[in-house]
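Enquirer:
Residue numbers (the UniProt record's numbering), protein chains in the order written: chain D, 1 to 332; chain C, 1 to 332; chain S, 1 to 332; chain W, 1 to 332; chain L, 1 to 332.
1. Can you tell me whether residue 278 of chain D is buried or exposed, with buried defined as 16 or more other CB within 10 angstroms of its CB?
2. Mapping DSSP to helix, strand and coil, what is residue 239 of chain D?
3. From the DSSP output, in three-state form, read off residue 73 of chain W for me.
4. What are the boundary residues of the alpha helix (DSSP H) that includes residue 179 of chain D?
5. Residue 35 of chain D: buried (16+ other C-beta within 10 angstroms of its C-beta) or exposed?
6. Would the stretch 180 to 189 of chain L and the stretch 242 to 253 of chain S be scored as touching if the rule is three or more Cβ pairs under 8 Å?
7. Give, in chain order, every residue of the stretch 294 to 305 of chain S whose Cβ lies closer than 7 Å to some Cβ of chain L.
8. List, in chain order, every chain S residue whose beta-carbon is nearer than 9 Å to that of residue 278 of chain L.
9. For residue 10 of chain W, count the other beta carbons within 10 Å of its own beta carbon; 16 or more makes it buried, fewer makes it exposed. Which is it?
10. State the DSSP-derived secondary structure class of residue 35 of chain C, mapped to helix, strand or coil.
11. Mind checking who residue 5 of chain D pairs with in its DSSP beta bridge?
12. What residues are listed by DSSP as bridge partners for residue 259 of chain L?
13. Output yes or no for whether 8 Å exceeds the beta carbon distance between residue 161 of chain C and residue 181 of chain C.
14. At the 8 Å Cβ level, is residue 31 of chain W part of the contact set with chain C, yes or no?
15. Can you pull out the residues from the stretch 160 to 172 of chain L whose beta carbon lies closer than 7 Å to at least one beta carbon of chain W?
16. How would you label residue 68 of chain C, buried or exposed, when you count the other beta carbons within 10 angstroms and need 16 or more for buried?
17. Going residue by residue through the stretch 43 to 129 of chain W, where are the continuous beta strand (DSSP E) segments of at least 3 residues, counting only ones entirely within it?
18. Taking 8 Å as the threshold, find out whether the stretch 208 to 220 of chain W comes into contact with the stretch 108 to 115 of chain W through three or more Cβ pairs.
19. If residue 276 of chain C and residue 275 of chain D are in contact, beta carbons under 8 Å, what's the gap, nearest whole angstrom?
20. Could you tell me which whole alpha helix (DSSP H) segments of length 4 or greater appear in the stretch 252 to 313 of chain C?
21. Which partner residues of residue 13 of chain W appear in the DSSP bridge assignment?
22. Consult DSSP for residue 164 of chain W and reduce its assignment to one of helix, strand or coil.
23. Roughly how many angstroms lie between the CA atoms of residue 190 of chain S and residue 234 of chain S, to the nearest whole one?
24. Report the option in W/124, W/101 and W/64 whose CA atom is closest to the CA atom of residue 4 of chain W.
25. Run the CB neighbour count on residue 306 of chain L, radius 10 Å, all protein chains shown included, and call it buried at 16 or more, exposed below.
26. Starting from residue 25 of chain S, follow the alpha helix (DSSP H) in both directions and report where the run begins and ends.
27. Just checking: is the beta-carbon of residue 207 of chain D within a distance shorter than 8 Å of some beta-carbon in chain S?
28. Whole angstroms are fine: how far does the CA of residue 74 of chain W sit from the CA of residue 151 of chain W?
29. So residue 203 of chain L and residue 157 of chain L are in contact, right, with Cβ under 8 Å, and what is the actual spacing, rounded?
30. Less than 8 Å separating the beta-carbons of residue 294 of chain S and residue 174 of chain L?
31. Give the residues of chain D in contact with residue 40 of chain C, contact being defined as C-beta atoms less than 9 Å apart.
32. Please name the residues in the stretch 49 to 66 of chain W whose beta-carbon is closer than 9 Å to at least one beta-carbon of chain C, in chain order.
33. Going along chain W in order, which residues have a C-beta closer than 7 Å to the C-beta of residue 203 of chain L?
34. Suppose you measure from the CA of residue 254 of chain C to the CA of residue 251 of chain L; what does that come to, to the nearest Å?
35. Once you ignore the five residues that flank residue 389 of chain D on each side, which residues in its own chain have a CB closer than 7 Å to its CB?
36. From S/90, S/265, S/99 and S/95, pick the residue whose C-alpha is nearest to that of residue 64 of chain S; which is it?
Have a look at this one:
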């Protein structure tokens, strides 16, 4: 799908859309540049544009197929860049990675978007509004603003993940060790891993841009890219930190589960001892009474005047003795 | 075994097979190049070819013995390259690694295949069909297409492994922690390790090719190799990610096993308490009845009019009391 | 908030505060330099200063927003540096990270502080007192003293963390494995991770300063920065060491929990055996007495003269036998 | 001990042994080179040789003391190299590391052997036989053949270790989790660690040799050393892989032990429930019969015609009821 | 404290101590050099020496404060080096790290010692004895000998730690898994970590010295420093190996604890079954006898001639049947 095609002169958009087949012409004649935005284009849709602006075939193929790493490639006077904006869907704890490919020439930018990132839309809105004088001009403005917003998005995602980790921490350390946090921790870790794959490879291209050594890209923009690079480095730091933190919290969770388990075992042992002690005490009258319940003809005690009371006394004493014994040894 | 021996001129194959002893001659006279394909050749079979094209002895030995790392070596005007195609056998969760050795000269390619990869077959089919104009010419076309297909194969394998990991995840987190996932996770990890050994060392040769600094190889092909290199990097990323993910899922599994175990312990403790409580309740009538079952001649209670009912009443009250006690303390 | 604005000539402060709008003028005319200190300034507050001294816009934005990595950036004749002082709040075991941004020009320093670090206050006090001849002059003195005090603060924090780790160690190894140290260890580990993020990125800027390759900064100060760099490296070593140590102590804790758990299991098993043995011994009289408590009309033993004594004898012998048996097999 | 001292001209050995004091002379006059082989020499034994050939004192000391890392050092026109051959003693699962030191000059080689490696013996046998024309000449031939055989030995050891790991895997996953594999895994891991120390440091010297930048060593041998280097890299890969695999298998073993443990706990819980259920059922007749065994004078039920049968009926019903109850709740 | 102050000419010490204020003079006039040894000096004590020889202030401060990393810094014509000798106190399993700072000039060495290392004492003894011609001359001799002895000390410590690890291994694998090795392993690991901090940073300075690129230090000593560097690398290898080994042995210990725990659980389960089986058997006579102990007037069996024997027979049969049943199901 072709999104938009506008001509920008002196940082302002000329009204209206340029027909696609006049775009290259418009780019050459105007002192500004043309920006063509494509969304999930088919090979045929992009072929027209590629032909007109002489885009490199391999890069075009990458842009159509998507699933690239963030990268920056120079093909003669065309620069090809891939950015991977992310969005953290908080209620699902999922990192949603989309993809933006940019072709930069002296007087044109072709952008290709996969997934539903709003980065390019916001760049275009900034340029179209013409409110703030852009810090850089021409196609460089587009790539700078896009990279900046993408990296800003990384930092937002990191903040959200930090909150989720805080939440996990309070679950792990607030609970009594009996809940299962492994799944949540693991799944967040997996998302962080995907996030890392979107961010880390971007550092090298941004460093190149910050060094101002890329053709087509305006050298004056180098400090701005240095700023973006710096933020990307911070994001990378943050992601690595989160990854380690999640590993650590899983370890801590394991330790807590272990401690809790051994607490249960201790309690179970104590219960068992208490139960057994009472059972032992209860067995005394049963056993003794059983003896005197035998029907032998000749059992001298049975005829004693206070035999019964004596036996009851013995039973009570034995029970009390056992109770005292168990008490002393800590079973009761 | 000698697979095929064909002469290619202007990207098209001349009909028929060239006899092996005329191959070098054909290569020199034709404006194109000769491609000789060998399959698990014996030292003798390859010796003929090596002699004719002046292949370096050490590289020839490597090509026959196989079990090399992916690599690229320059011997004067002959380039020796080793590729390791993989195939993921899904139902066994096994990575099947084969090996391709290529000797590149100005006007010849000698390929040696070990294991049953279809990469070379597909390259030859592409060239023979002559349908699509190849992007590069001569021996370079063979090595580019082979490397491209090999790396494509890596990406396919990664997709399959991703699916298996998803499956493992749903087993680990779907189950109740009582199944044993360790074996499956470990074995997949081992396969990923073997996969890594096939992929990672390829990055350096591909970067060299992408820089266009290798003799014999057509400099115009550099952007194409850059593309392949890029995909290989992505594959490397993917493999590293999978490896980490499998470690993480094993950790998470361990944590789940632990949590489940302590849940069992909790339940066992609860069961033991409940059982003991009932046993205690049941011991009361037994013990008391035992007392009044004694045969002493003088047991005043026995002659009471309502002694029996009193005792039954006491027993019932005691049992009820115990029940209430256990209930209150949560044992019942 | 604007903290202070003073003119320093020959390492001594001229009395009084300079109004902000005369600061740049004062800096140019005096042979010394102006130091403007801002605290959590709003964009408007800093805008005045930025305008007057020509501070780079991007850096100004970073200084206002804070949450930067430690870094050093050269913008023409202005150097922008970010330092992250830390304070270890011992009773909470929390690393409190604040942030200092410095703009250095030939004849001015602008410092921006976020959080409540006392580093800049102490630097100013040192300069104002004029007691000790500073080793370096001009703006360089400010950045050197600030960096030095910040890194000193790192070393103090490391000492405090070392003490906490010692405390954790004696808890882990002193206790009986039943307490839960995971939370404390984890939380300290998280603080160490945050600490690391403040320290590690500082090494690169300090190395640059130690090499004396940064404009504006006095080359004569290089050895002093080398000293600071050396301390920062030692701090980095210390942090890495602490991080590893905390991981190790968590592992050791896990092992102890495991050992303790299996000790409990052993004891429980022994208890169970002892209990069961006594129960078995108690069951003997009950069972036998039960037999002779039956009311059959024809039970020859009942009429024997010494039947009763015989049975009691048998019971006692059986109990003694069982006792001996259990003793021998280690159950009692 | 002095092993042998032979003169080699044109890749063939001159018959007989050269007396040690004529060796240097022979080396200078002959167009070939002298090879002196020493075995665990004393300082005195090596001193003679060192003097004659001007061997560097520090290297000589290293060669006598042994316990060096694999390394290559250039002392003017003498090259000193240390190799560490290994032998995997399969039935003990032990890596046996020996040590070879080589001094290379233009016209001599002095080798010093510690431990019982057969590498030097095989090199000498190859040279002495003179069967196959060596690919390189002079002292270089000795160091190339020695390095090649040492690295071949690494690959053999790796194959053996692979087999042992396979065996461990089938033990771990074949068994029921009740055996203790930790010791075997750990000990193999320790051997792999020692193996790694023998192999990894060799990569740097071999790369230098492969680059042909070492004096004395024949530049023409560079491709051969590249081949050896390549094999050493593969061996390093293999060792790293084994190390990781052993860690993984230990983790998997841990997980299996955990799963098995919780299976035992489940079974124990089920057993306990079953046992308790039967005990409860058995307590019913005991308790009820106890009641009617009491000797109260007035117990109306006792005089009922069918009291006995009623009670037996009640007992049976209660037992059946309990049975049904336990059955329903899954305890029986 | 000032230890000693001697003048060395031609590698021999001139008799007597030189007064401190004549030391610099003596150094300049003698063709040799002066060596001043200080022990834990106060700032005042060192100030005299620093003044006389023009020692750099920052380095002097470091030397007084101690707690430095091993390092080498060049201040014009003075070289400052820090070494950290270690001593392994075997009976406490503790690494005792001391510190040596050396200032090297053309004609002087100032050494500062913290802690009780005997390294400097031994260097001085070697020089003073004048027995063996030192391999290098002047201040370089001091730093070479000191570095050499320090690194020798590392190797000795590694040997001792190896022995302790062997001991731990035999404890872990010799015991039955019920002892707690975690503390010992952890504490040794902590010592190894401290050891590592003393050793690893030394490699860079030693490499610089081995390259002969440090002013003041005699270039002829480069091979000797290369030797020391080589030993330091080996020590580093050893330390890393020990660290990994200790992690591995802790893991193996964990696995053993787990296996042992599950063995206990198995035994407990078996015990419980055996106990329950016997209890069930014992309950049979009790329950049945209880029935016939009831005092119902009408219980036909009681009047049977052989009722008693029948019941005893039934009881015995039931018990035997149960025994057989339990036997068959493996409970007995």
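Where a beta carbon is used, it is the ideal one built from N, C-alpha and C, also for glycine.
Expert: Straight from the coordinates:
1. To locate residue 278 of chain D, count along the first chain from 1; it is residue 278. Result: buried.
2. Taking the first chain and counting its residues from 1, one reaches residue 239 of chain D at position 239. Here residue 239 of chain D sits in helix by DSSP.
3. Numbered from 1 along the fourth chain, position 73 holds the residue referred to as residue 73 of chain W. Residue 73 of chain W: strand per DSSP, three-state reduction.
4. In the first chain, counting from the first residue as 1, residue 179 of chain D sits at position 179. Note, residue 179 of chain D: premise wrong, no alpha helix (DSSP H); not H, not E.
5. Here residue 35 of chain D is taken as the residue at index 35 of the first chain, counted from 1. Buried is the call here.
6. When Cβ pairs closer than 8 Å are counted between the two stretches, the stretch 180 to 189 of chain L is seen to touch the stretch 242 to 253 of chain S, the count reaching three or more.
7. Listed in chain order, the positions of the stretch 294 to 305 of chain S with a beta carbon within less than 7 Å of a beta carbon of chain L are 294, 295, 296, 297, 298 and 299.
8. For this step, residue 278 of chain L is matched to residue 278 along the fifth chain. What residue 278 of chain L touches in chain S: 276, 280 and 283.
9. Locating residue 10 of chain W in the fourth chain gives position 10, counting from the first residue. When all chains shown are included, residue 10 of chain W counts as exposed.
10. Residue mapping note: residue 35 of chain C aligns to position 35 of the second chain, counting from 1. Strand, per DSSP.
11. Locating residue 5 of chain D in the first chain gives position 5, counting from the first residue. BP columns for residue 5 of chain D point to D/36.
12. For the purposes of this step, residue 259 of chain L is taken as residue 259 along the fifth chain, with counting starting at 1. Its beta-bridge partners do not exist; DSSP assigns none.
13. By 1-based counting over the second chain, the position of residue 161 of chain C is 161. By 1-based counting over the second chain, the position of residue 181 of chain C is 181. Against a cut-off of 8 Å, the Cβ pair of residue 181 of chain C and residue 161 of chain C comes out as no contact.
14. Along the fourth chain, one-based indexing puts residue 31 of chain W at 31. Taking a beta-carbon distance threshold of 8 Å, residue 31 of chain W does not count as an interface residue toward chain C.
15. Residues of the stretch 160 to 172 of chain L with a Cβ closer than 7 Å to any Cβ of chain W: none.
16. As a working mapping, residue 68 of chain C is identified with position 68 in the second chain. Its Cβ being crowded by 16 or more others within 10 Å, residue 68 of chain C is buried.
17. You should have 71 to 75, 78 to 83, 86 to 89, 94 to 97, 99 to 104 and 108 to 114.
18. With the cut-off at 8 Å, the stretch 208 to 220 of chain W and the stretch 108 to 115 of chain W do not touch.
19. Position 276 of the second chain, counted from the start, is the residue given in the question as residue 276 of chain C. Position 275 of the first chain, counted from the start, is the residue given in the question as residue 275 of chain D. That belief holds up - the Cβ atoms of residue 276 of chain C and residue 275 of chain D are roughly 4 Å apart, short of 8 Å.
20. DSSP runs (the alpha helix (DSSP H)) wholly in the stretch 252 to 313 of chain C: 300 to 303.
21. In the fourth chain, the residue the question calls residue 13 of chain W occupies position 13. The partner list for residue 13 of chain W (beta bridge, DSSP) reads W/8.
22. If you number the fourth chain from 1, residue 164 of chain W lands on position 164. For residue 164 of chain W, the secondary structure class from DSSP, reduced to helix, strand or coil, is helix.
23. On the third chain, position 190 is the one that residue 190 of chain S refers to. On the third chain, position 234 is the one that residue 234 of chain S refers to. Cα to Cα, residue 190 of chain S sits roughly 20 Å from residue 234 of chain S.
24. Taking the first residue of the fourth chain as position 1, residue 4 of chain W is located at position 4. Of the candidates W/124, W/101 and W/64, the residue whose Cα lies closest to the Cα of residue 4 of chain W is W/124.
25. Your numbering for residue 306 of chain L matches position 306 in the fifth chain. Classified as exposed, residue 306 of chain L has fewer than 16 neighbouring CB atoms from the shown chains inside 10 Å of its CB.
26. As a first step, residue 25 of chain S is located in the third chain; it is residue number 25 there, counting from the start. Residues 23 to 29.
27. For the purposes of this step, residue 207 of chain D is taken as residue 207 along the first chain, with counting starting at 1. For residue 207 of chain D, no CB of chain S lies under 8 Å from its own CB, so it is not counted at the interface with that chain.
28. Here residue 151 of chain W is taken as the residue at index 151 of the fourth chain, counted from 1. Here residue 74 of chain W is taken as the residue at index 74 of the fourth chain, counted from 1. Going from the Cα of residue 151 of chain W to the Cα of residue 74 of chain W covers about 22 Å.
29. For this step, residue 203 of chain L is matched to residue 203 along the fifth chain. For this step, residue 157 of chain L is matched to residue 157 along the fifth chain. Residue 203 of chain L to residue 157 of chain L, Cβ: 16 Å. No contact.
30. For this step, residue 294 of chain S is matched to residue 294 along the third chain. For this step, residue 174 of chain L is matched to residue 174 along the fifth chain. No. Outside cutoff.
31. As a first step, residue 40 of chain C is located in the second chain; it is residue number 40 there, counting from the start. Ordered by position in chain D, no residue passes the 9 Å Cβ test against residue 40 of chain C, which lies about 34 Å from the chain.
32. From the stretch 49 to 66 of chain W, no residue has a Cβ closer than 9 Å to chain C.
33. Translated into positions along the fifth chain, residue 203 of chain L becomes position 203. Simply none; closest approach about 13 Å.
34. Start at 1 with the first residue of the second chain, and residue 254 of chain C comes out as number 254. Start at 1 with the first residue of the fifth chain, and residue 251 of chain L comes out as number 251. One alpha carbon belongs to residue 254 of chain C, the other to residue 251 of chain L, and they sit about 14 Å apart.
35. Past the boundaries of the shown model lies residue 389 of chain D; chain D is included only from 1 to 332, so the question cannot be answered.
36. The residue given as residue 64 of chain S occupies position 64 in the third chain. Residue 64 of chain S has its Cα closest to that of S/99, out of S/90, S/265, S/99 and S/95.
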